[in-house]
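Position one of the sequence shown corresponds to residue 603 (our numbering), numbered consecutively onward. Cβ atoms here follow ideal geometry from the backbone N, Cα and C, with glycine treated the same way.
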Amino acid sequence: MKFSIITICFNPGSLVLSAVESVLGQSYKDVEYIVVDGGSSDGAVEWLSEMAAKEPRMTLVSEPDDGLYDALNKGVRLATGDVIGFVHADDFLAHPDVLLHVAERFLDANVEAVYGDLQYITGRQELGRAEVGGGCRRSEEPHGKTTALDSPFDRSDSVIRYWRSGEYSRRKLAWGWMPPHPALYLKRDVYDRAMMENGEYFDSSFRCAADYDLMMRVLSKLNVCPEYLPEVLVKMRMGGVSNRSLRHIIRKSREDWRAIRRNKIGHFHTLLGKNFGKLSQFLRNS
603 MKFSIITICF NPGSLVLSAV ESVLGQSYKD VEYIVVDGGS SDGAVEWLSE
653 MAAKEPRMTL VSEPDDGLYD ALNKGVRLAT GDVIGFVHAD DFLAHPDVLL
703 HVAERFLDAN VEAVYGDLQY ITGRQELGRA EVGGGCRRSE EPHGKTTALD
753 SPFDRSDSVI RYWRSGEYSR RKLAWGWMPP HPALYLKRDV YDRAMMENGE
803 YFDSSFRCAA DYDLMMRVLS KLNVCPEYLP EVLVKMRMGG VSNRSLRHII
853 RKSREDWRAI RRNKIGHFHT LLGKNFGKLS QFLRNS
């Protein structure tokens, strides 16, 4: 079984190194690694190009895009693996056996989706490499130069929030439950069946909730029953597109409501459950 792992970035700085190292450092080796860069100008492309030239499993595409979900769609179209997953530039796989454990669940031919847990961690410390700046996907603020390259698996960041997904049920879906998208792995066939009429997998008319919309489409309309893997698969640095400020939280809630209505799952209680359900993740962060 072949994995396609996709990382999207724009001026990620050396933060992207932890994502790259966590994917290429997996014990499971049948991996196609696709990095979709939006035309970075911070020096990251040069380093990524150097790595891709030495690593046959890695493909780098660097060109302007129309934002987050355009880049995700591009990555899925390029993917040739049996199973597709994402490791965003600010994230990294939690340990070297993540893909091995996910692959073991997919040995059951009836399993179409596997998901696990996610931890939000402190800090945006860079994992050094000379001449690479810093920032998140849409940030252009440099953070200087670094030199040492460390393994992401050796990091000891503080956990701020612990997203324990728990077992899936249709009833929980109607009350706002959803697995963390970075900890979700879908068979290629599921993405193809979830593709919209315009050829997109992620609806690019959304600013920050197309992943939620896609997951609702997969779980509700396609009736895919995902398999839960009870372990932390991904570690994410705080500060993503949808959780940066009150303004972004309000925008995210509006887009979540749009996705809920479109996919005909629950009602206003679904949105309330989705938002208030996050509170417990801060209380059980260890």
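Quick one: what does DSSP say residue i is sitting in, helix, strand or coil?
i    : result
P754 : helix
E706 : helix
R790 : helix
D684 : coil
M660 : strand
D693 : strand
M797 : coil
E623 : helix
S651 : helix
P782 : coil
L873 : helix
D644 : coil
D813 : helix
W859 : helix
S807 : coil
L617 : coil
D672 : helix
A711 : coil
I577 : In the structure as shown, the chain starts at 603 and stops at 888, and residue 577 therefore has no counterpart that could be examined.
G737 : Any reading at G737 must be qualified, since the residue scores a pLDDT of 32, below 50, and its modelled position is unreliable; no value is offered.
S822 : helix
Just checking my contact of residue i with residue j at CB under 8 Å: how many whole Å lie between their CB atoms?
i    : j    : result
P754 : E665 : With 8 Å as the limit, P754 and E665 do not qualify as a contact, their Cβ atoms being about 27 Å apart.
A696 : K837 : 5 Å
R790 : V633 : The pair is not a contact, with the Cβ atoms about 14 Å apart (cut-off 8 Å).
A646 : F694 : Contact doesn't hold; Cβ gap of about 15 Å is too wide.
A776 : I852 : Actually they do not touch by this definition, with Cβ atoms about 23 Å apart.
D719 : V834 : 5 Å
D692 : L617 : 6 Å
Going by DSSP, what residues sit across from residue i in a beta bridge?
i    : result
L720 : W765, V836
C611 : D639
E829 : V716
F605 : V633, V685
Comparing C-alpha positions only, which one of the options sits nearest to residue i?
i    : options                : result
A705 : E802, G641, L619, Y830 : Y830
I762 : A785, Q721, Y787, M797 : Q721
H871 : W779, T609, L670, Y671 : W779
S806 : V625, L709, N675, G645 : N675
R893 : R809, M817, L873       : Because the chain spans 603 through 888 in this model, residue 893 falls outside it and cannot be assessed.
A785 : Y814, K631, W777       : Y814
D644 : G615, E634, V625       : G615
L788 : R839, D794, A715       : A715
I821 : A861, L650, V678       : It is Leu, not Ile, that sits at residue 821 in the sequence shown. The candidate whose alpha carbon is nearest that of L821 is A861.
F612 : Q628, F605, V638       : V638
L626 : E857, D858, T609       : T609
F804 : E769, V678, G718, N825 : V678
D672 : G801, G687, S642, K876 : G801
A796 : S606, S855, M818, L835 : M818
S771 : V826, S760, V713       : V826
I607 : S855, G669, D794, M660 : M660
K823 : M840, P832, A811, M798 : M798
G768 : S760, E652, V713, P828 : P828
K774 : S651, L662, L874       : L874
E648 : L662, I636, Y635, P658 : L662
D759 : E857, I723, P782, R766 : I723
P698 : K854, Y630, H869       : Y630
K854 : R864, M840, H869, A811 : A811
W765 : R707, L816, P832       : P832
S642 : D667, D858, L709, Y717 : D667
D794 : P658, L680, R839, M603 : L680
Does any residue of chain D bring its CB to less than 9 Å from the CB of residue i?
i    : result
S643 : In the structure shown, chain D does not exist; there is a single protein chain.
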